[in-house]
Amino acid sequence: MAAPAPAVAPVDARVPPARLVPLAAQHVLAMLAAPVSTVFLLAGGLRLPPDRTTALLSATLVLCGIGALLQSFGVLRIGARLPFMMLPGGAAAALFLQIAREHGPATASGAVLLAAALLLAVLPLYGRIVRFFPPLVMGTTVLVIGVNMVAAAAPMAAVGSGPALVTVAATALGLVLLRGVLRQLSVLLGMAVGTATAALTGAPFRAVPGDAVLALPRLLPYGAPHFDLLAALPLLVFALASLAEATGQTVLNSEAVGRAPEPARDVPRTARADAVASLAAGLLGGTTMVTSAENIGIVRLTGVRSRFVTAAAGALLVVGGLLAPVTRLLAALPVPVVGGAALVIYAVIAAMGIDMLRRTDLTDRAASTVVALALLAGLLPVLAPRLYAPLPDWAHTLFGSGVPAAALTAALLSALFDRLDAGGRTAPAGAG
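For what it's worth, our numbering labels the leading residue of the sequence shown as 8, then goes sequentially.
If you want it as structure tokens, here you go:
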């Protein structure tokens, strides 16, 4: 009698085509607002014309799709073989814009390439690096990221306050009143209501000329990348800090699909896929790409844990990114509508930082001191941007950027207090 075939793990189970396409489309719809709003944030900050915006949107959607395929299938230890989607990093977009404004977009592209290379280089030391980014450090950093990004998106919303406020209100109502998959589509529904409002009030839509069927990304749209380690420091810090986020997301996703978490094996694979996609983004004018945990809620809601669903979602993103009518339609959305959606998304990021800080005992003197001083370092560049103007260029780059200043302050102070606390525990009785 033949032995029974081994059971297939849910994460490796194949899904019939009739169910695969709608399930994949659901994942795409749940994450689509993030890349679209990020591209508009970059395009608005860099003042790109519509055709350049369309090319950047095409590149971003294609890279999101390729990232999902890498994470779902896993090739040469690139990708964790988990149902992950990939997005342009929201915090990284703000940092990219900051570098572009201060040093030019070519330097910002060079910073993306340097950050991706650094991430690949440090992965063998993963176990030693991630301990410098506990929830105390990550929570403070994410909170500052959210505040900085809200400040960056506000000018886009101010272009047309009516449609922007309607977009914010509609998105907020969706988050409060809707449930399940519809709640995950609140941002897209809010953008739809805001766009309808813009049309009814006569707000201008951006015309995107062209009748081509295919939209191809542009290689090196800002010219040859310029490499400046000091200017790239904010994104380099972000690359290191992203390891802590990748750890939490990989463990969470493993648990969601019923697979025993193995961070030592899977986290470097997750981060390696991020780095490879980010290298491509740096060459195509985009910002750092990161694996997203947004779709894990859909995995839990539907009970479908197959990585082939997110692979199909990746294929849909690649096809959509290469179809010019799709990218032209998205690129024509009114700027204030995208700005309003971005405000909500980035406020949620700030709230995620607060939630991460809840895991820390802030009644502890050391923890509260770290948070207070890191917030001070991170918010001063937003509240008093001219404070560091008299400093040398290297100091202005380091302290005049809120996110890296907050991250470095939090990491250094946290490590210092841990060292002092360890010394106090091991000191002999009677030691001063």
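Even glycine gets a Cβ: it sits at the ideal position worked out from N, Cα and C. Predicted, not measured: the structure shown is a model, and the values here were computed from it.
If you run the structure through DSSP and keep just helix, strand and coil, what is Ser-313?
The count along the sequence shown starts at 1 and reaches residue 313 at position 306. Residue state, collapsed to three classes: coil.
_Just to confirm before moving on: does the CB-CB distance between Asp-273 and Val-297 stay below 7 Å?_
Stepping through the sequence shown from its first residue, residue 273 is reached at position 266. Stepping through the sequence shown from its first residue, residue 297 is reached at position 290. Going by C-beta atoms, Asp-273 is not nearer than 7 Å to Val-297.
Report task. Compute the distance between the beta-carbons of Ala-99 and Ala-320, then report whether it is under 7 Å. Result -> Position 92 of the sequence shown, counted from the first residue, corresponds to residue 99. Position 313 of the sequence shown, counted from the first residue, corresponds to residue 320. No, these two residues do not count as a Cβ contact at 7 Å.
Pick from Ala-287, Leu-242, Ala-159, Val-200: whose alpha carbon is nearest that of Leu-390? What you label residue 390 is simply residue 383 of the sequence shown in a count that begins at 1. Leu-390 has its Cα closest to that of Ala-159, out of Ala-287, Leu-242, Ala-159, Val-200.
Exercise for the section: Sort out for me which residues DSSP pairs Pro-95 with in a bridge. Expected result: Start at 1 with the first residue of the sequence shown, and residue 95 comes out as number 88. For Pro-95, the beta-bridge partners assigned by DSSP are Met-296.
TODO: Please classify Leu-39: does DSSP put it in a helix, a strand, or coil?
DONE: Indexing the sequence shown from 1 puts residue 39 at position 32. Correct three-state label for Leu-39: coil.
Restricting to Cα atoms, I'd like to know which of Val-311, Gly-328, Val-119 is closest to Leu-223. As a working note, residue 223 is residue 216 in the sequence shown. Ranking the options by Cα distance to Leu-223, first place goes to Gly-328.
Exercise for the section: Find out if the Cβ-Cβ distance for the pair Phe-234, Leu-102 is shorter than 7 Å. Expected result: Indexing the sequence shown from 1 puts residue 234 at position 227. Indexing the sequence shown from 1 puts residue 102 at position 95. Their beta carbons are not under 7 Å apart, which means Phe-234 does not touch Leu-102 by this criterion.
- [ ] With distances taken Cα to Cα, identify the nearest neighbour of Pro-23 among Ser-313, Leu-337, Asp-362.
- [x] Start at 1 with the first residue of the sequence shown, and residue 23 comes out as number 16. Answer by Cα proximity: Ser-313.
Does the beta carbon of Arg-84 sit closer than 7 Å to a beta carbon anywhere in chain D? Judged by its chain identifiers, the structure shown contains no chain D, having just a single protein chain.
TODO: Give me whichever residues DSSP pairs with Leu-330 in a beta bridge.
DONE: For the purposes of this step, residue 330 is taken as the residue at position 323 of the sequence shown. DSSP lists Leu-221 as partners of Leu-330.
Any contact between the segment 59-66 and the segment 333-345? By contact I mean 3 or more CB pairs, one from each, below 8 Å. With contact defined as three or more Cβ pairs closer than 8 Å, the segment 59-66 and the segment 333-345 are in contact.
Separation of Leu-420 from Arg-426, as counted between CA atoms: The residue given as residue 426 occupies position 419 in the sequence shown. The residue given as residue 420 occupies position 413 in the sequence shown. In a straight line, the C-alpha of Arg-426 is about 10 Å away from that of Leu-420.
- request: Indicate the three-state DSSP secondary structure (helix, strand or coil) for Pro-29 in the structure shown.
  value: The count along the sequence shown starts at 1 and reaches residue 29 at position 22. Assignment of Pro-29 by DSSP, reduced to helix, strand and coil, places it in the helix class.
Worksheet item: Going straight from the alpha carbon of Tyr-440 to that of Thr-367, what length do you get?
Response: Nothing about residue 440 can be read from this structure; the chain reaches only from 8 to 439.
Alpha carbon of Gly-440 to alpha carbon of Ala-271, nearest angstrom: Outside the shown range of the chain, which is 8 to 439, sits residue 440, and nothing can be said about it.
(request) Have a look at Ala-267 and Ala-414 and give me their C-alpha separation to the nearest angstrom. (result) Residue mapping note: residue 267 aligns to position 260 of the sequence shown, counting from 1. Residue mapping note: residue 414 aligns to position 407 of the sequence shown, counting from 1. Near 31 Å, if we compare the C-alpha coordinates of Ala-414 and Ala-267.
query: Whole alpha helix (DSSP H) runs in the segment 223-278 with 4 or more residues, listed along the chain?
result: Whole alpha helix (DSSP H) segments, 4+ residues: 236-263.
Endpoints, alpha helix (DSSP H) assigned at Ala-160
On the sequence shown, residue 160 is found 153 positions in, with the first residue counted as 1. Residues 142-165.
Quiz prompt | Between the CA atoms of Pro-411 and Leu-291 - distance to the nearest angstrom | solution = As a working mapping, residue 291 is identified with position 284 in the sequence shown. As a working mapping, residue 411 is identified with position 404 in the sequence shown. Taking the straight line joining both Cα atoms gives about 25 Å.
Considering only residues of the same chain and omitting the five flanking positions on each side of Ser-285, which have a CB-CB separation below 7 Å? Looking up residue 285 in the sequence shown gives position 278. Beyond the five residues adjoining it in sequence on each side, Ser-285 comes within less than 7 Å, by CB distance, of Val-119, Ala-122, Ala-123, Thr-295, Met-296 in the same chain, given in chain order.
Handout entry: Supposed contact pair Met-145 and Ala-251 - C-beta distance, whole angstroms, cut 8 Å
Key = Translated into positions along the sequence shown, residue 251 becomes position 244. Translated into positions along the sequence shown, residue 145 becomes position 138. Taking 8 Å as the upper bound for CB-CB distance, Ala-251 and Met-145 are in contact here, some 5 Å apart.
Checklist entry - Who are the Cβ neighbours of Leu-185 in its own chain at under 7 Å, not counting the five residues just before and after it? => result Taking the first residue of the sequence shown as position 1, residue 185 is located at position 178. Excluding positions up to five away in sequence, the list reads Ser-193.
**Asked** What's the gap between the Cα of Ala-396 and the Cα of Ala-384?
**Response** Here residue 396 is taken as the residue at index 389 of the sequence shown, counted from 1. Here residue 384 is taken as the residue at index 377 of the sequence shown, counted from 1. Whole-angstrom Cα-Cα distance: 15 Å.
Practice problem: Could you name the residues that DSSP lists as bridge partners for Ile-85? | Solution: In the sequence shown, the residue the question calls residue 85 occupies position 78. Val-82.
| task | Would you mind sorting Ser-168 into buried or exposed? The rule is 16 or more other CB atoms within 10 Å of its CB. | result | Numbered from its first residue, the sequence shown carries residue 168 at position 161. With fewer than 16 Cβ atoms within 10 Å of its Cβ, Ser-168 is classed as exposed.
So, under 8 Å CB-CB, Leu-126 and Ala-278 are touching, yes? Tell me the CB distance rounded to an integer number of Å.
The sequence position of residue 126 within the sequence shown is 119, counting from 1. The sequence position of residue 278 within the sequence shown is 271, counting from 1. Leu-126 to Ala-278, Cβ: 6 Å. Contact.
State the start and end residues of the unbroken alpha helix (DSSP H) segment that holds Asp-371.
Translated into positions along the sequence shown, residue 371 becomes position 364. The continuous stretches of alpha helix (DSSP H) do not include Asp-371, and DSSP gives it neither H nor E.
Note to self: What ranges does the alpha helix (DSSP H) occupy inside the segment 345-372, keeping only unbroken runs of at least 4 residues that lie completely in it?
What the structure shows: List check, alpha helix (DSSP H) in window: nothing returned.
Helix or strand or just coil, what does DSSP make of Phe-212?
Stepping through the sequence shown from its first residue, residue 212 is reached at position 205. Phe-212: coil per DSSP, three-state reduction.
Using DSSP with H/G/I as helix, E/B as strand and the rest coil, what is Leu-394? Position 387 of the sequence shown, counting from 1, holds the residue named residue 394. Coil.
From which residue to which residue does the alpha helix (DSSP H) around Pro-170 run?
Within the sequence shown, numbered from 1, the residue matching residue 170 stands at position 163. In the DSSP assignment, Pro-170 falls within the unbroken alpha helix (DSSP H) covering 168-184.
Go ahead and pull the three-state DSSP assignment for Val-15.
-> Residue 15 sits at position 8 when you count from the first residue of the sequence shown. In the structure shown, Val-15 sits in coil (DSSP, three-state: anything other than H, G, I, E or B).
Worksheet item: Do the CB positions of Val-440 and Ala-263 come within less than 7 Å of each other?
Response: A query on residue 440 cannot be resolved here, the shown segment of the chain reaching from 8 to 439 and no further.
Q.
Please identify the residue among Gly-265, Leu-243, Pro-241, Glu-269 whose C-alpha is closest to the C-alpha of Thr-254.
A. For the purposes of this step, residue 254 is taken as the residue at position 247 of the sequence shown. Minimum Cα distance to Thr-254 is reached at Glu-269.
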